[in-house]
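Asks: What follows is a structure written as structure tokens; I'll ask about it next.
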Amino acid sequence: MYRYDEFDERLVRERVAQFASQVARRIDGSLTDAEFLPLRLKNGLYLQLHSYMLRIAVPYGTLHARQLRQLARIADEYDRGYGHFTTRTNLQFNWSKLKDVPTVLGLLADVEMHCIQTSGNCIRNVTADHFAGVAHDEIEDPRPIAELIRQWSTLHPEFEWLGRKFKIAVSGATHDRAVVKSHDLGVRIVRDPASGETGYEILVGGGLGRTPFAAKVLREFLPREDLLAYLEAVLRVYNLEGRRDNKFKARLKILVHELGIEALRALVEEEFAHIDKARVNADPQEQARIAAYFAPPAYEDLPEVSRKLEDAQIRDPELARFVEHNLFRHKKRGYTAVTISLKPIGGTPGDITSEQMRAVADLAEKYSFDELRVTHAQNLVLPNVKLDDVAEVYEALKAHDLATANIGRITDIISCPGLDYCSLATARSIPIAQVLSHHFADPEKQKQIGEVSIKISGCINACGHHHVGNIGILGLEKKGVESYQITVGGDPSENYALGELLGPGVPAEYVPEAVDKVVSVYLAERQQGETFIETYRRIGLAPFKAAFKEIADVAA
Amino acid sequence: MLLLDREGAKADLWTRVETLDISADKVIVPSALLQDALAARRPGQQIGVAIDNTERAAALEPYFGALALVVIAFPTGYNGRGFSIARQLRERGFSGLLRASGPLVSDQFPHALACGFDEIELPDASAERQPVEQWLAAAARISLNYQRGYNYGAVANILEQRRAARRAGAANV
Ligand code: HEM
Ligand code: SF4
Chain C
9 MYRYDEFDER LVRERVAQFA SQVARRIDGS LTDAEFLPLR LKNGLYLQLH
59 SYMLRIAVPY GTLHARQLRQ LARIADEYDR GYGHFTTRTN LQFNWSKLKD
109 VPTVLGLLAD VEMHCIQTSG NCIRNVTADH FAGVAHDEIE DPRPIAELIR
159 QWSTLHPEFE WLGRKFKIAV SGATHDRAVV KSHDLGVRIV RDPASGETGY
209 EILVGGGLGR TPFAAKVLRE FLPREDLLAY LEAVLRVYNL EGRRDNKFKA
259 RLKILVHELG IEALRALVEE EFAHIDKARV NADPQEQARI AAYFAPPAYE
309 DLPEVSRKLE DAQIRDPELA RFVEHNLFRH KKRGYTAVTI SLKPIGGTPG
359 DITSEQMRAV ADLAEKYSFD ELRVTHAQNL VLPNVKLDDV AEVYEALKAH
409 DLATANIGRI TDIISCPGLD YCSLATARSI PIAQVLSHHF ADPEKQKQIG
459 EVSIKISGCI NACGHHHVGN IGILGLEKKG VESYQITVGG DPSENYALGE
509 LLGPGVPAEY VPEAVDKVVS VYLAERQQGE TFIETYRRIG LAPFKAAFKE
559 IADVAA
Chain F
9 MLLLDREGAK ADLWTRVETL DISADKVIVP SALLQDALAA RRPGQQIGVA
59 IDNTERAAAL EPYFGALALV VIAFPTGYNG RGFSIARQLR ERGFSGLLRA
109 SGPLVSDQFP HALACGFDEI ELPDASAERQ PVEQWLAAAA RISLNYQRGY
159 NYGAVANILE QRRAARRAGA ANV
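Quick mapping for you: the protein sequence lines, in order, are chains C and F.
With positions in the first sequence counted from 1, the corresponding number in our numbering is that position plus 8.
With positions in the second sequence counted from 1, the corresponding number in our numbering is that position plus 8.
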């Protein structure tokens, strides 16, 4: 994992002092409320329905134990004893007090963390594949360039005042686990077939929200050394040409849509040609310096199969279920990546208590070379566990209500905070997630349904990624009552697709039945080995629509 | 209006005109009049141009040698287009004075300086709340940056520092 050097550390400390000064200048009237607002947002401080909310960056979803322990301490001393992991792998505290924020920022800086650019119209926290560095299907570990981009985008003087937020994701594997195509800019590490060299495919203009678009390829192959100069060109063109007349049309996706990808490419390439690359790019030695922090840990040579784990599974069917659902194939023989579900039946997706944080931190230290990941699906990962240790890890997780065996299953629901917290919400989303989770709680039923994703947003902004849920649920308000629109067929992976609407919105109490109908169509129609999304692609929307109509007619 | 640069407040020696009445020694004209103003320029007279942030650096490129000042308008503080225009002007070789004009906040002073601005022209309503000392303090508050090619004043570039440390390390072996 990356560790700060003296410069990284000093910059973060100075940023804390800068924020304290901004608060002081708001209080003494030097800054108006309108002037202070973007400054506080750039430091991750939102005003929600009941309180301030502080969003802490977890760059490319990577954490170590000491950091998670510090988050637990902040949760206990300055919040209400829990935090919430988001779809952008950040951590939110929902009950922050403005007067505490500078102290909390100082505590974060003590463990090399910050809230820089977790909100506001600037380049946001960069996200990555949560199995980066350990995935069996990886071309190259994307974390070194994610860290390079983190540094480059931090307090970028030219790009702190963009027309709208700008989100970047990186992936180094053939399978896309980072939802690259829903980002303003995606970087995919690819291998040039001719030279065998790795470089970058650059995609732009993805986004969810009220006008969802899939990102398009801007550059098929960018040589590694030119990454920063090219990013600078893209951001400059966006800053200059992106719309400023309407907040809802200010994202890069709208510019791509209105100009067309070819015209945008011409502008970017022209700007890129003007940039003095030697003046802007990082030295190869700097890239190597960062990459060295991500060298593989001291793995042992282990057999492919763990007899110990096989035997334990025979004794404990629940462990067997956990192994089946929550383990991911590791690059290194004898190791596995264990996903810790933050989706207990009936819980709030992504929530974690301070006591659970400490337990997970202990496990990371003891069993995973001190490493942790946050996933965009609002779960945690122990990326480096020996197969021999899985049963022990499982027992420890169980003791803290963290052993739910449902990764990728129907109860592994993504949900935004919705009307329980968010001032923009048009409907509740957490209670819908909780009801569905109870509804599909039976492990046998979940196993039978197999791999499927439900994603819920409490308004059109789509923080819960509902557009790319296999089953997407969007909470709206219709004549003073909450109404839920359901889509099917969304896919966040390399087979990216936006879900299609089943019909009119239904009241909250009909949502479980409606989802039941959708699932029944799949169960009735599926062929040998087909997942939900595969069946959907084969049979199309019509059968799902027909089944849904029965519910919609009753609800209407 | 308050005019300030890295040293503090300064007198504005420039006269803004909207017509070709360019009798003053230092005049700022709108971009539509730039060509005519340069043609009518007296020996020793300095011409500047004021542009909106919808105008582009490339349009000024033919005049770089003759232009002494470019003023870029910031319609609001949070519209940051002017930063990219400034950066482009510098990158394409403009070496005259660069002025940002509009209701910026002092926390944006380092951004403006890093992108190549020399001075800020601030409306009175902003200047009354944010005195010059706050601007000078803001410029010095963050002493480092990660972006190569955006150096100004005493701000140290982190990548350059690391490179220097590598060289020194290599020299010591
Ligand atoms: C609670 C306070 C929050 C507010 C006020 C808020 C606000 C917004 C807004 C206005 C958008 C639409 C932006 C646009 O389309 O330009 C958005 C999108 C988004 N937000 Fe949030 N959000 C909040 C919480 C969250 C949380 C908790 C998550 C993660 C669970 C999240 C993740 C996202 C994502 C992934 C998008 C989609 C962005 C896209 O279009 O690419 N946000 N948010
Ligand atoms: S989707 Fe809407 S309700 Fe949910 S967190 Fe985002 S802004 Fe709030």
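By construction, the Cβ of each residue, glycine as well, lies at the ideal position given by its N, Cα and C atoms.
Values in this document were obtained by computation on a predicted structure and should not be read as measured data.
Taking just the CA atoms, how far does F/Glu-127 sit from F/Tyr-86?
Replies: As a position in the second sequence, residue 86 of chain F is number 78, starting the count at 1. As a position in the second sequence, residue 127 of chain F is number 119, starting the count at 1. Distance between the alpha carbons of F/Tyr-86 and F/Glu-127: 18 Å.
Asks: Anyone know if the C-beta pair for C/Val-529 and C/Pro-512 falls short of 8 Å?
Replies: For the purposes of this step, residue 529 of chain C is identified with residue 521 of the first sequence, where counting begins at 1. For the purposes of this step, residue 512 of chain C is identified with residue 504 of the first sequence, where counting begins at 1. Cβ atoms of C/Val-529 and C/Pro-512: not closer than 8 Å.
Asks: In angstroms with no decimal places, state the Cα-to-Cα distance between F/Arg-144 and F/Arg-14.
Replies: On the second sequence, position 136 is the one that residue 144 of chain F refers to. On the second sequence, position 6 is the one that residue 14 of chain F refers to. The residue you asked about is not Arg; residue 144 of chain F is Leu in the sequence shown. Whole-angstrom Cα-Cα distance: 7 Å.
Asks: If contacts are defined as beta-carbon pairs under 8 Å, then C/Arg-362 and C/Gly-89 qualify, I think. What distance do you get, rounded to the angstrom?
Replies: The residue you call residue 362 of chain C lines up with position 354 of the first sequence. The residue you call residue 89 of chain C lines up with position 81 of the first sequence. The identity of residue 362 of chain C in the sequence shown is Ser, whereas the question assumes Arg. Yes, they are in contact, since the Cβ atoms of C/Ser-362 and C/Gly-89 sit about 5 Å apart, within 8 Å.
Asks: Which residue's Cα is closest to the Cα of C/Leu-317: C/Arg-96, C/Cys-471, C/Asp-397, C/Val-142?
Replies: In the first sequence, the residue the question calls residue 317 of chain C occupies position 309. Closest by alpha carbon: C/Asp-397.
Asks: Since I believe C/Ser-445 is in contact with C/Ile-479 (beta carbons under 8 Å), could you give me their beta-carbon distance rounded to a whole number of angstroms?
Replies: Start at 1 with the first residue of the first sequence, and residue 479 of chain C comes out as number 471. Start at 1 with the first residue of the first sequence, and residue 445 of chain C comes out as number 437. With 8 Å as the limit, C/Ile-479 and C/Ser-445 do not qualify as a contact, their Cβ atoms being about 13 Å apart.
Asks: Please work out which residues of its chain come closer than 6 Å, Cβ to Cβ, to F/Leu-42, disregarding the five sequence neighbours upstream and downstream, and give them in chain order.
Replies: Counting from 1 along the second sequence, the entry for residue 42 of chain F is found at position 34. Contacts found: Val-57.
Asks: Compute the minimum distance between the beta carbon of C/Leu-432 and the heavy atoms of the ligand SF4, and state whether it is under 7 Å.
Replies: For the purposes of this step, residue 432 of chain C is identified with residue 424 of the first sequence, where counting begins at 1. The answer is yes for C/Leu-432.
Asks: The ligand SF4 heavy atoms versus the CB of C/Ala-470: any closer than 7 Å?
Replies: Taking the first residue of the first sequence as 1, we reach residue 470 of chain C at position 462. True, at least one ligand heavy atom lies under 7 Å from that Cβ.
Asks: Residues of chain B with a CB under 7 Å from the CB of C/Glu-120: which are they?
Replies: This model lacks chain B altogether, as its protein chains are C and F.
Asks: Does any residue of chain F bring its CB to less than 8 Å from the CB of C/Gly-204?
Replies: Working through the first sequence from its first residue, we reach residue 204 of chain C at position 196. Answer no: the Cβ-Cβ gap between C/Gly-204 and chain F never drops below 8 Å.
Asks: Sorry if obvious, but does the Cβ on C/Ser-376 come closer than 7 Å to a heavy atom of the ligand SF4?
Replies: One-based indexing of the first sequence puts residue 376 of chain C at position 368. No, since every heavy atom of the ligand SF4 falls outside the 7 Å radius drawn around the Cβ of C/Ser-376.
Asks: Work out the CA separation of C/Pro-165 and C/Lys-453 for me, nearest whole Å.
Replies: As a working note, residue 453 of chain C is residue 445 in the first sequence. As a working note, residue 165 of chain C is residue 157 in the first sequence. Distance between the alpha carbons of C/Lys-453 and C/Pro-165: 53 Å.
Asks: Could you tell me which uninterrupted alpha helix (DSSP H) segments, each at least 4 residues in length, are contained entirely in the region 281-329 of chain C, listed from first to last along the chain?
Replies: 285-288, 292-300, 315-323
Asks: Identify every run of the alpha helix (DSSP H) within the region 58-113 of chain F, keeping only runs that are complete inside it and at least 4 residues long; order them along the chain.
Replies: 65-68, 89-99
Asks: At a threshold of 7 Å, does C/Asp-561 count as lining the ligand GTP (C-beta to nearest heavy atom)?
Replies: For the ligand GTP, the structure offers nothing, since it holds only the ligand HEM and the ligand SF4.
Asks: Can you name, in chain order, every residue of its own chain whose Cβ lies under 6 Å from the Cβ of C/Phe-44, other than the five neighbours on each side?
Replies: Mapped onto the first sequence, residue 44 of chain C falls at position 36. If we look at C/Phe-44 and ignore the five residues flanking it on each side, its Cβ neighbours are Arg-34.
Asks: Does the Cβ-Cβ distance between C/Ser-501 and C/Asn-414 come in under 8 Å?
Replies: In the first sequence, counting from the first residue as 1, residue 501 of chain C sits at position 493. In the first sequence, counting from the first residue as 1, residue 414 of chain C sits at position 406. Against a cut-off of 8 Å, the Cβ pair of C/Asn-414 and C/Ser-501 comes out as no contact.
Asks: Considering only heavy atoms of the ligand SF4, does any lie closer than 7 Å to the CB of C/Cys-467?
Replies: For the purposes of this step, residue 467 of chain C is taken as residue 459 along the first sequence, with counting starting at 1. Yes, the Cβ of C/Cys-467 comes within 7 Å of a heavy atom of the ligand SF4.
Asks: Name the chain C residues whose beta carbon is nearer than 8 Å to that of F/Asp-115?
Replies: In the second sequence, the residue the question calls residue 115 of chain F occupies position 107. Correct list: Gln-26, Gln-30, Leu-47.
Asks: If we count the other Cβ atoms within 10 Å of its Cβ and call it buried at 16 or more, is C/His-58 buried or exposed?
Replies: If you number the first sequence from 1, residue 58 of chain C lands on position 50. Classification of C/His-58: exposed, given that the 10 Å Cβ count is below 16.
Asks: Would the region 65-82 of chain C count as touching the region 362-380 of chain C if we require 3 or more Cβ pairs under 8 Å?
Replies: yes
Asks: From the DSSP output, read off the bridge partner residues of F/Phe-117.
Replies: Position 109 of the second sequence holds residue 117 of chain F. Paired residues: none, contrary to the question.
Asks: Can you give me, in chain order, the residues of the region 148-164 of chain F that have a beta carbon less than 7 Å from any beta carbon in chain C?
Replies: Arg-149, Ile-150, Ser-151, Leu-152, Asn-153, Tyr-154, Gln-155, Arg-156, Gly-157, Tyr-158
Asks: For C/Ala-532, count neighbouring Cβ atoms within 10 angstroms of its own Cβ and tell me buried if that reaches 16, exposed if not.
Replies: For the purposes of this step, residue 532 of chain C is taken as the residue at position 524 of the first sequence. That one is exposed.
Asks: Please tell me whether C/Val-288 has its Cβ less than 8 Å away from any Cβ of chain F.
Replies: As a first step, residue 288 of chain C is located in the first sequence; it is residue number 280 there, counting from the start. Closer than 8 Å: yes.
Asks: Suppose the cutoff is 7 Å on Cβ atoms and the five residues either side in sequence are ignored; what does the same chain contact list for C/Tyr-402 look like?
Replies: Indexing the first sequence from 1 puts residue 402 of chain C at position 394. Once the five neighbours on either side are set aside, the close Cβ partners of C/Tyr-402 are Leu-327, Phe-330, Ala-411.
Asks: State the Cα-Cα distance for the pair C/Gly-207 and C/Ile-322, rounded to the nearest angstrom.
Replies: Numbered from its first residue, the first sequence carries residue 207 of chain C at position 199. Numbered from its first residue, the first sequence carries residue 322 of chain C at position 314. Their backbone Cα atoms lie some 45 Å apart in a straight line.
Asks: Below 8 Å between beta carbons: does that hold for C/Gly-128 and C/Lys-50?
Replies: Counting from one through the first sequence, the residue named residue 128 of chain C turns up at place 120. Counting from one through the first sequence, the residue named residue 50 of chain C turns up at place 42. A contact, by the Cβ cut-off of 8 Å.
Asks: Using a Cβ-Cβ cut-off of less than 8 Å, give me the residues of the region 77-97 of chain F that come near chain C, in sequence order.
Replies: Gly-85, Tyr-86, Asn-87, Gly-88, Arg-89, Phe-91, Ser-92, Ile-93, Arg-95, Gln-96
Asks: Measuring only between beta-carbons, confirm whether C/Phe-15 sits less than 8 Å from chain F.
Replies: If you number the first sequence from 1, residue 15 of chain C lands on position 7. Output row for C/Phe-15: interface = yes.
Asks: Select from C/Leu-71, C/Arg-244, C/Asp-41, C/Tyr-10 the residue whose C-alpha is nearest the C-alpha of C/Leu-371.
Replies: Within the first sequence, the letter at position 363 stands for residue 371 of chain C. Ranking C/Leu-71, C/Arg-244, C/Asp-41, C/Tyr-10 by Cα distance to C/Leu-371 puts C/Leu-71 first.
Asks: Strictly by DSSP, which residues pair up with C/Lys-463?
Replies: The sequence position of residue 463 of chain C within the first sequence is 455, counting from 1. DSSP lists C/Ile-422, C/Gly-480 as partners of C/Lys-463.
Asks: Closer than 8 Å between beta carbons: that is the criterion. Which residues of the region 130-164 of chain C meet it against chain F?
Replies: Answer set for the region 130-164 of chain C: Gln-159, Trp-160, Thr-162, Leu-163, His-164.
Asks: Quick check on the DSSP output: what are the complete beta strand (DSSP E) runs of length 3 or more inside the region 50-122 of chain C, in order along the chain?
Replies: 53-55, 60-64, 70-72, 90-93, 99-104
Asks: Taking only beta carbons into account, state which residues of the region 104-137 of chain F come closer than 9 Å to chain C, listed in chain order.
Replies: Pro-111, Val-113, Ser-114, Asp-115, Gln-116, Pro-118, His-119, Ala-120, Leu-121, Ala-122, Cys-123, Ser-134, Arg-137
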